[in-house]
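In mature numbering (1 follows the signal peptide of the UniProt record, and there is no 0), the protein residues as written are -23 to -1, 1 to 309. Yeah, the Cβ is synthetic: ideal placement off N, Cα and C, and Gly gets one too. Shown next, in structure tokens, is the structure this report addresses.
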Ligand SMILES: *[C@@H]1O[C@H](CO)[C@@H](O)[C@H](O)[C@H]1NC(C)=O
Ligand SMILES: *[C@@H]1O[C@H](CO)[C@@H](O)[C@H](O)[C@H]1NC(C)=O
Ligand SMILES: *[C@@H]1O[C@H](CO)[C@@H](O)[C@H](O)[C@H]1NC(C)=O
Ligand SMILES: *[C@@H]1O[C@H](CO)[C@@H](O)[C@H](O)[C@H]1NC(C)=O
Ligand SMILES: *[C@@H]1O[C@H](CO)[C@@H](O)[C@H](O)[C@H]1NC(C)=O
Ligand SMILES: *[C@@H]1O[C@H](CO)[C@@H](O)[C@H](O)[C@H]1NC(C)=O
């Protein structure tokens, strides 16, 4: 049975573009049109609708691994319990139908695994048909390969140059322009990976050469080229061993340590001159002050006890009247 649905305008335009050969210029335009994650729903009343994928009522997700293994899982809660659900998988390479599988009855929640020729696959269409007598609802979803593909893990390498940590990475067999890739760099702090888009190198300033760096990366298609694409596995851990060369700490030690050793030597050589400069000769106090300097009693310092009681010298002046004898003698 051939399905001929009236697809929404943006889906139709993407189909028209997809049929053209993809050149570098119009790459972005096409990529943007691919970015839908909706079910196209149609039922027996002839009504159709677009509903968002990934919610509590209905969700389907597919991953295409590097091993060409296509794994899809789904979960539907909206259709009535009595309804029988069938699944039809169509693997397409543009207009060409490459593979088609139909499961007459599937569970509401389930998964399937299929080996596909990923080189000759461009998208995969899934349609789930929940039916009960004449009543049916079909959930249709088309996944473009880019959105399914779990990319190969990037390998990362790093070196310290001019004091900075220069990190570079690559994806084995990279097929799209750099701007089509998101990267996450884990530098040992898994909680907070660094995010990059469209670049294959990064310089982390002020690297610590005494630190052992352990780096790993993962990648996915950027929103620019394929929305909702899955993350790759984390790549191998790249270990940048701490440098065994002279670390800055040692240089600092030498820088300050050598003068510290030389200084005492110089001091010894110039001991005489320096000791005079550093410890100028203290004048020796005369003997008579030493007593005061040594004694701490401030009273005795201010009021020294006299060594001996000074004898009072009383000079008596006698007022002697001239004697009559002398008068007489002078008269006489
Ligand atoms: C059919 O789809 C329309 C639009 O989504 C919806 O309103 C209607 O209830 C559906 N009918 C049945 C029987 O599922
Ligand atoms: C794909 O699904 C199958 C079956 O559920 C499972 O055994 C297999 O490990 C899955 N593949 C990967 C790569 O996870
Ligand atoms: C798969 O879906 C696309 C729309 O995305 C459509 O053009 C194509 O015809 C479908 N293929 C099959 C086999 O149904
Ligand atoms: C869904 O399944 C029912 C019952 O098998 C069938 O009558 C109906 O045509 C199917 N619808 C589509 C779109 O395939
Ligand atoms: C990635 O790994 C391959 C193979 O081991 C190697 O040749 C290549 O140089 C590595 N690239 C980087 C950026 O580490
Ligand atoms: C990188 O992105 C992830 C989610 O995409 C986010 O959790 C994380 O915080 C981001 N890292 C930085 C350093 O912004």
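Where the beta strand (DSSP E) containing residue i begins and where it ends
i, result
"residue 123", "Not the beta strand (DSSP E): residue 123 falls in the alpha helix (DSSP H), residues 122 to 125."
"residue 161", "158 to 163"
"residue 195", "190 to 198"
"residue 50", "46 to 53"
"residue 15", "15 to 20"
"residue 172", "171 to 174"
"residue 37", "35 to 41"
"residue 74", "73 to 80"
"residue 87", "86 to 92"
"residue 214", "From DSSP, residue 214 is part of no beta strand (DSSP E); its letter is neither H nor E."
Helix, strand or coil at residue i according to DSSP, with G and I counted as helix
i, result
"residue 136", "strand"
"residue 97", "helix"
"residue 201", "coil"
"residue 238", "helix"
"residue 285", "Any answer about residue 285 is weak, because its pLDDT of 48 lies below 50 and its placement is not dependable; what the coordinates show is given next. Coil, per DSSP."
"residue 328", "In this structure the chain extends from -23 to 309, so residue 328 is not present and cannot be described."
"residue 128", "coil"
"residue 279", "Confidence at residue 279 is low in this model, with a pLDDT of 47, below 50, so its placement is unreliable and the value that follows should be read with caution. In the structure shown, residue 279 sits in a helix (DSSP, three-state: H, G or I)."
"residue 210", "coil"
"residue -18", "At residue -18, the pLDDT of 37 sits below 50, so the modelled position is not reliable and the matter cannot be decided from this model."
Opposing strand residues paired with residue i [DSSP bridges]
i, result
"residue 143", "136 and 180"
"residue 103", "66 and 118"
"residue 25", "19"
"residue 108", "61 and 113"
Nearest-angstrom Cβ-Cβ length linking residue i and residue j, presumed shorter than 8 Å
i, j, result
"residue 369", "residue 172", "No statement about residue 369 is possible, as the shown extent of the chain runs from -23 to 309 and does not include it."
"residue 180", "residue 217", "No, residue 180 and residue 217 are not in contact; Cβ-Cβ is about 14 Å, not under 8 Å."
"residue 54", "residue 34", "5 Å"
"residue 201", "residue 127", "About 19 Å separates the two Cβ atoms, so there is no contact after all."
"residue 51", "residue 16", "Rounded, the Cβ-Cβ distance is 11 Å, inconsistent with contact."
"residue 111", "residue 21", "6 Å"
"residue 194", "residue 133", "5 Å"
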